[in-house]
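Numbering (our numbering), first residue to last: 36 to 154.
All residues carry an ideal CB built from backbone N, CA and C; glycine is no exception.
The structure displayed is predicted, hence computed values, not measured ones.
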């Protein structure tokens, strides 16, 4: 069992016909990670947690840009990890659930690659 904290920028872009929305979020996430299997050569994990997403820039022809505000989200996912020296290389998928508003329902599936290291 472990805790993963992330901070960074997340870019969200969607378009259909003449309607489009582009948002760059400052994202802060906290996830619990549980290793279902962990050996010296690879491991499988699942994770879940929540995040706070605050828009840094936003443009939209489909929504009122002023209605795009800071929101909290739920995150669920999983992946595989491979030891690499003192670090771990990982590949994973995360499902981001944004609470729906009166007009919009949003969810995102995100693929990630990265290096994990202990502090």
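DSSP places residue 59 in the uninterrupted beta strand (DSSP E) bounded by 54–73. Three or more beta-carbon pairs separated by less than 8 Å link the stretch 92–101 to the stretch 38–58, which places the two stretches in contact.
Bridge partners of residue 91 according to DSSP: none are assigned. With 16 or more other CB atoms across the displayed protein chains lying within 10 angstroms of its CB, residue 125 is buried. The closest CA to that of residue 143, considering only 78, 105, 36 and 45, is found on 45.
Between residue 113 and residue 128, the C-beta gap is smaller than 8 Å, which places the two residues in contact.
The stretch 99–150 contains, as complete beta strand (DSSP E) runs of 3+ residues, the segments 106–119 and 122–133 (chain order). In this structure, residue 80 and residue 69 form a Cβ contact; the two beta carbons are roughly 6 Å apart against a cut-off of 8 Å.
For residue 36, there is no enclosing beta strand (DSSP E), as DSSP gives it neither H nor E.
Here DSSP, grouped into helix, strand and coil, assigns residue 48 to strand.
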